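Sequential numbering of the sequence shown, starting at 53, is according to this note's numbering.
Note that beta-carbon positions come from the ideal geometry of N, C-alpha and C, so glycine has one too.
What you are looking at is a predicted structure, and each value in this text was computed from that prediction instead of being measured.
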Amino acid sequence: MKKVLDFKVLMLGGADVGITSLIEKHAEDFPAEYSFDIGIDFSTKKIELEETEINLALLELGSANTLEVVEKTLRKGPTGYMLVFDVSRTNSLEEVIEQYQKISDHLGKHPIVLVGNKADLIEERQIEKKKAEEVAKELGALYVETSVITGQNIEYVFEVMAEKIMESL
Ligand SMILES: Nc1nc2c(ncn2[C@@H]2O[C@H](COP(=O)(O)OP(=O)(O)O)[C@@H](O)[C@H]2O)c(=O)[nH]1
Ligand SMILES: [Mg+2]
Numbered sequence: 053m054k055k056v057l058d059f060k061v062l063m064l065g066g067a068d069v070g071i072t073s074l075i076e077k078h079a080e081d082f083p084a085e086y087s088f089d090i091g092i093d094f095s096t097k098k099i100e101l102e103e104t105e106i107n108l109a110l111l112e113l114g115s116a117n118t119l120e121v122v123e124k125t126l127r128k129g130p131t132g133y134m135l136v137f138d139v140s141r142t143n144s145l146e147e148v149i150e151q152y153q154k155i156s157d158h159l160g161k162h163p164i165v166l167v168g169n170k171a172d173l174i175e176e177r178q179i180e181k182k183k184a185e186e187v188a189k190e191l192g193a194l195y196v197e198t199s200v201i202t203g204q205n206i207e208y209v210f211e212v213m214a215e216k217i218m219e220s221l
């Protein structure tokens, strides 16, 4: 029998970077009978590693989830941050970094994956990979480029998030 672990991932990013798309493309709704908290809105993704199965609960801050509720939930177990921006909009990178700095002041440090989404928008690209990698390095984060349109790294980005959290335990 594989060991089953529950991790939580707080998804951060400005409007329209693609967070809902990333979640919806590959998350399944949590079975209704299983709920480890009240008043929290999340989806889950199951990650199969060699000796472990990981349930990633994906949380978005927003109307349904206040910082207070998220804080209460994250205190209960292993957590990661997924910082999402849109490679076709320069300010979306600044925005997510600012958001992260505010939120990590409240919620503390956890493993980070920086996600450059919309990598399919080649002509419209404003943020070069090299620039994003530098920012990631400063944060101690891993940088991954994704596209919900082509499917690029959509599975991988959740796997490495899970692995990073596992390494931090
Ligand atoms: N070209 C492209 N568009 C995307 C991608 N991901 C999301 N979008 C589009 O960006 C818009 C905002 O996406 P949404 O998931 O609602 O963003 P959210 O506000 O971060 O939750 C929608 O029109 C999506 O179809 C992507 O990888 N590539
Ligand atoms: Mg959304």
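Run through DSSP, which three-state label would residue i get?
i       : result
Lys-55  : strand
Val-187 : helix
Thr-72  : helix
Ser-156 : helix
Ser-199 : coil
Val-212 : helix
Ile-149 : helix
Ile-206 : helix
Ser-144 : helix
Lys-161 : coil
Glu-105 : strand
Ile-99  : strand
Lys-170 : coil
Which same chain residues, not among the five before or five after residue i, have their C-beta less than 6 Å away from its C-beta?
i       : result
Ala-188 : Leu-166, Tyr-195
Which same chain residues, not among the five before or five after residue i, have their C-beta less than 8 Å away from its C-beta?
i       : result
Glu-215 : Leu-101
Glu-219 : Pro-163
Thr-72  : Glu-112
Leu-57  : Thr-104, Glu-105, Ile-106, Asn-107, Pro-130, Met-218
Gln-204 : Ala-171, Asp-172, Glu-197, Thr-198
Identify which residue in the options has its Cα closest to the Cα of residue i.
i      : options                  : result
Val-61 : Lys-183, Ile-75, Glu-146 : Ile-75
Is there a C-beta anywhere in chain B that falls below 7 Å from the one on residue i?
i       : result
Phe-137 : Annotation note: the requested chain B is absent from the structure, which comprises a single protein chain.
Using a Cβ-Cβ cut-off of 7 Å (strictly less than) and excluding sequence neighbours within five positions of residue i, which residues of its own chain qualify?
i       : result
Val-212 : Val-165, Leu-194, Val-196
Leu-173 : Val-139, Ser-140
Leu-222 : Residue 222 cannot be examined here, being either before or after the span of the chain that is shown, 53 to 221.
### Message
Report the start-end ranges of each alpha helix (DSSP H) in the stretch 108-135 that is 4 residues or longer and not cut off at the edges.
### Response
119-126
### Query
Pick out every residue whose C-beta is nearer than 6 Å to a heavy atom of ligand 2: which are they, in chain order?
Ile-71, Thr-72
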